[in-house]
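Working notes for the structure below.
There are 2 protein chains.
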Amino acid sequence: MEVFAQGLGLGFTIRALRGCPKFKKLSIHTMQRRPFLAGLGATAAALGSSAWAKQESGRKLGWALVGLGSLSKNQLAPALAKTTHSRLAAIVTGTPAKAAEWQKQYGIPDSHVYNYENFDRIVDNPDVDVVYVVLPNSMHEEFTIRAAKAGKHVFCEKPMANTAEECRRMIEAVKSAGKQLGIGYRCQFEPHHVECMRLAREKVFGELKFIEAGFGFQAGDPAQWRLRKSLAGGGALMDVGIYAIQACRYLTGEEPVEIVAQETKTDPVKFAEVDETISCSMKFPSGLLASLMTTYAFNGSNFFTAIGQGGRFGLEAAYGYGGQKGWSSQPGVKIEFPATDHFAVEMDLFSRAILDGKPFAPAGEEGLKDLLVIEAIYRSIREGKAVAVETV
Amino acid sequence: MEVFAQGLGLGFTIRALRGCPKFKKLSIHTMQRRPFLAGLGATAAALGSSAWAKQESGRKLGWALVGLGSLSKNQLAPALAKTTHSRLAAIVTGTPAKAAEWQKQYGIPDSHVYNYENFDRIVDNPDVDVVYVVLPNSMHEEFTIRAAKAGKHVFCEKPMANTAEECRRMIEAVKSAGKQLGIGYRCQFEPHHVECMRLAREKVFGELKFIEAGFGFQAGDPAQWRLRKSLAGGGALMDVGIYAIQACRYLTGEEPVEIVAQETKTDPVKFAEVDETISCSMKFPSGLLASLMTTYAFNGSNFFTAIGQGGRFGLEAAYGYGGQKGWSSQPGVKIEFPATDHFAVEMDLFSRAILDGKPFAPAGEEGLKDLLVIEAIYRSIREGKAVAVETV
Numbered sequence: 001m002e003v004f005a006q007g008l009g010l011g012f013t014i015r016a017l018r019g020c021p022k023f024k025k026l027s028i029h030t031m032q033r034r035p036f037l038a039g040l041g042a043t044a045a046a047l048g049s050s051a052w053a054k055q056e057s058g059r060k061l062g063w064a065l066v067g068l069g070s071l072s073k074n075q076l077a078p079a080l081a082k083t084t085h086s087r088l089a090a091i092v093t094g095t096p097a098k099a100a101e102w103q104k105q106y107g108i109p110d111s112h113v114y115n116y117e118n119f120d121r122i123v124d125n126p127d128v129d130v131v132y133v134v135l136p137n138s139m140h141e142e143f144t145i146r147a148a149k150a151g152k153h154v155f156c157e158k159p160m161a162n163t164a165e166e167c168r169r170m171i172e173a174v175k176s177a178g179k180q181l182g183i184g185y186r187c188q189f190e191p192h193h194v195e196c197m198r199l200a201r202e203k204v205f206g207e208l209k210f211i212e213a214g215f216g217f218q219a220g221d222p223a224q225w226r227l228r229k230s231l232a233g234g235g236a237l238m239d240v241g242i243y244a245i246q247a248c249r250y251l252t253g254e255e256p257v258e259i260v261a262q263e264t265k266t267d268p269v270k271f272a273e274v275d276e277t278i279s280c281s282m283k284f285p286s287g288l289l290a291s292l293m294t295t296y297a298f299n300g301s302n303f304f305t306a307i308g309q310g311g312r313f314g315l316e317a318a319y320g321y322g323g324q325k326g327w328s329s330q331p332g333v334k335i336e337f338p339a340t341d342h343f344a345v346e347m348d349l350f351s352r353a354i355l356d357g358k359p360f361a362p363a364g365e366e367g368l369k370d371l372l373v374i375e376a377i378y379r380s381i382r383e384g385k386a387v388a389v390e391t392v
Numbered sequence: 393m394e395v396f397a398q399g400l401g402l403g404f405t406i407r408a409l410r411g412c413p414k415f416k417k418l419s420i421h422t423m424q425r426r427p428f429l430a431g432l433g434a435t436a437a438a439l440g441s442s443a444w445a446k447q448e449s450g451r452k453l454g455w456a457l458v459g460l461g462s463l464s465k466n467q468l469a470p471a472l473a474k475t476t477h478s479r480l481a482a483i484v485t486g487t488p489a490k491a492a493e494w495q496k497q498y499g500i501p502d503s504h505v506y507n508y509e510n511f512d513r514i515v516d517n518p519d520v521d522v523v524y525v526v527l528p529n530s531m532h533e534e535f536t537i538r539a540a541k542a543g544k545h546v547f548c549e550k551p552m553a554n555t556a557e558e559c560r561r562m563i564e565a566v567k568s569a570g571k572q573l574g575i576g577y578r579c580q581f582e583p584h585h586v587e588c589m590r591l592a593r594e595k596v597f598g599e600l601k602f603i604e605a606g607f608g609f610q611a612g613d614p615a616q617w618r619l620r621k622s623l624a625g626g627g628a629l630m631d632v633g634i635y636a637i638q639a640c641r642y643l644t645g646e647e648p649v650e651i652v653a654q655e656t657k658t659d660p661v662k663f664a665e666v667d668e669t670i671s672c673s674m675k676f677p678s679g680l681l682a683s684l685m686t687t688y689a690f691n692g693s694n695f696f697t698a699i700g701q702g703g704r705f706g707l708e709a710a711y712g713y714g715g716q717k718g719w720s721s722q723p724g725v726k727i728e729f730p731a732t733d734h735f736a737v738e739m740d741l742f743s744r745a746i747l748d749g750k751p752f753a754p755a756g757e758e759g760l761k762d763l764l765v766i767e768a769i770y771r772s773i774r775e776g777k778a779v780a781v782e783t784v
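Heads up: the protein sequence lines correspond to chains F and R, in order.
Numbering-wise (our numbering), the first sequence opens with residue 1 and increments by one.
Numbering-wise (our numbering), the second sequence opens with residue 393 and increments by one.
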């Protein structure tokens, strides 16, 4: 697995997985330097529709956010304001009150506001280059395919979809449209993670022999969509366990071949529809085993530990939006970087890939690979046996 | 599971698992205070057989070490010299050169030296109260039963035997002889472990929800008995994985009911006969899952982490002979104790239980329970499916 990422506004192409120090230095530098454009919304609000379309043009691609939940509100919109090549161009929501609130805050004209029914009209909006699908998992396929049919590039939140089959259809649709499909795996650009990939690849701690990884949290509101199978597809595994799967995959650079998994449900009422806590073991082609856990029932697991022949290294608070903490058993190896805005980085790298006409990764195939692992874990639990992971 | 342990030379009985602070304070204090009796060997060497028998009598029980490998040489003999109620009384070895060396060092008369053939004559030696079986695992059953038939109490190294069936015969034999059978689970008396048991039992971090535990090391010499199935019964799991099993069991106070496990063998030549690296997940009656790993292929895993609703705690360098390091997510909860001699403590507590006529724990049933877990792990690997753990 190799990820080619484009430098942030600096016109160079790097291989993030090879951990080119220049990339880290420059990209972080760029992120730090760029002030939060707090005044933008108020200014834009005073402008009409065509002015809105024009003012942020140039090299900035227009992004439409589909789904205005907390991720869009608290992370993506503020992050877009920090980017170099991206801007908030349109919103798609089923809630008129949310639309009004966003229009006011970001000065979005009526012509750039869609709902789930009239979304397809976005085909006629040249301001929108990218559609970012931030909906509940079960709606990812539909809106990715509709966006592709509308001639837009698609950026899709993780998990890419509820099933591998859905992923395959999404990949095909975007490919047919001649557009790009990126998946929101922000950790793949986060400097602590990138550095750990380098440590693994360059065998700084020798050949990797074992990985422990876990991510979970105590899901609060019992009414949230994450706990509804029809919307989320699954529970903790699909929502946060996927980060631990990602870590195992990008640290090894391999795809797991065999999985055994076990589930527990200590609150069968709250988690009646989706998985609560899962523990599993995955075998990779090199012989490495990875132990993975995920949960919606409690806080406290948010890490990976990689054990090599020559020592150990890992991250704590590994998968949050910021505040990663690296450690290693070698006093000379520090894993310490300034915080970045994960969302600003991933969106701008996607924009930059499109502007440069270069393929972006992680693309749809990466999302598909995780779904194949997730499906194998669920299958192992259901059948009570070791299962092979299907291949792409 | 409750362990009643006897205070070291202080005549009080405590419940180690309830973490009575007095126990910890006093026992550590006692261990620290007792000087290493370095001069004992040289002095005793100058005495004849009957003097040897007499000089360390009184409240000191005589221990016979069966098997003079590195554990006996580097840990047990030095540890016996630090005890209050125990003393080295006899040795049993198949190697005359070793016998000579030990006789010289510890002043052991010919009458107190046995080999594996004439071992049963120990029945006639009133100096020997306890036989400590320190042989390769496959010989534990035979020598435990022979020792019991010779009217001796038996202390047996972990793993108690190769199979649960052997454990059951050992328990029956020692019971029939009206003697006690203790298993060498030194961590059950180690202050850091005892404190973690207390934190778990008293729910200082809330109800335990998940445990991660691992112990492994890189097995050096490819010719060692540990890598021969006929002698060791199994590999890393039986030798060191058992510590992680113990931790999961004594932190929860429960027996696992279902297990899924996976094995990898990256060096099929060196580990042709025994397991190299295993990862598994265990479900407990309360719904808690534990993730466990063990290996003979690499260093770097020697820990447990317990995650409760209110935070995390654990040990690093958890299972070594000394140097345990505790940590917790609550700044106010420190897990820090002076080092103890694990072997001196466990042997003296066994002696003390016998002197007081009280049952010692961990006894044979505890060893049996671990073998039932070990057998379930191997069965899960062999059959590639989730298996139930057999009950005692």
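All C-beta atoms in this analysis are idealised placements derived from N, C-alpha and C, irrespective of residue type, glycine included.
Start and end residues, alpha helix (DSSP H) containing residue i
i, result
"Ser176 (chain F)", "164-176"
"Val546 (chain R)", "That residue, Val546 (chain R), is in no alpha helix (DSSP H); its beta strand (DSSP E) goes 545-548."
"Pro191 (chain F)", "191-201"
"Ser622 (chain R)", "621-624"
"Pro96 (chain F)", "96-106"
Residues of its chain near residue i, where Cβ-Cβ distance is below 6 Å and the 5 sequence neighbours each way are ignored
i, result
"Ala376 (chain F)", "Ile259, Val387, Val389"
"Gly241 (chain F)", "Thr294"
"Ala344 (chain F)", "Ala79, Lys82, Thr83"
Coil, strand or helix - residue i by DSSP
i, result
"Arg451 (chain R)", "coil"
"Ala388 (chain F)", "strand"
"Leu457 (chain R)", "strand"
"Met238 (chain F)", "helix"
"Asn694 (chain R)", "strand"
"Ser329 (chain F)", "coil"
"Gly314 (chain F)", "strand"
"Leu760 (chain R)", "helix"
"Leu181 (chain F)", "strand"
"Ala363 (chain F)", "strand"
"Tyr321 (chain F)", "coil"
"Thr264 (chain F)", "strand"
"Thr83 (chain F)", "coil"
"Val345 (chain F)", "helix"
"Val123 (chain F)", "helix"
"Val505 (chain R)", "strand"
"Val269 (chain F)", "coil"
Residue range of the beta strand (DSSP E) that includes residue i
i, result
"Ala89 (chain F)", "86-92"
Exposed unless 16 or more other CB atoms sit within 10 angstroms - verdict on residue i
i, result
"Val130 (chain F)", "buried"
"Gln638 (chain R)", "buried"
"Arg382 (chain F)", "exposed"
"Pro191 (chain F)", "buried"
"Ala492 (chain R)", "exposed"
"Glu665 (chain R)", "exposed"
"Ala224 (chain F)", "Sequence inspection shows Gln at residue 224 (chain F); the Ala mentioned does not correspond to that position. Its Cβ having fewer than 16 others within 10 Å, Gln224 (chain F) is exposed."
"Pro331 (chain F)", "exposed"
"Lys496 (chain R)", "exposed"
"Thr398 (chain F)", "Any question about residue 398 (chain F) goes unanswered here, given that chain F covers just 1 to 392."
Paired residues, beta bridge with residue i - DSSP
i, result
"Met674 (chain R)", "R:Ile651, R:Ala682"
"Phe215 (chain F)", "F:Thr294, F:Asn302"
"Ile307 (chain F)", "F:Phe210, F:Arg312"
"Val130 (chain F)", "F:Trp63, F:His153"
"Glu340 (chain F)", "According to the sequence displayed, residue 340 (chain F) carries Thr and not Glu. Per DSSP, none; premise fails for Thr340 (chain F)."
"Thr277 (chain F)", "F:Thr264, F:Thr295"
"Val373 (chain F)", "None, per the DSSP bridge assignment."
Contact set for residue i: own chain, Cβ-Cβ below 8 Å, skip 5 residues either direction
i, result
"Lys726 (chain R)", "Gly718, Ser720"
7 Å CB neighbourhood of residue i in its chain, flanking five on each side removed
i, result
"Ala709 (chain R)", "Asn694, Gly715, Gln716, Lys717"
"Ala177 (chain F)", "Ala148, Lys149, Gly151"
"Val520 (chain R)", "Gly454, Ala456, Ala481, Ala482, Ile514, Lys544"
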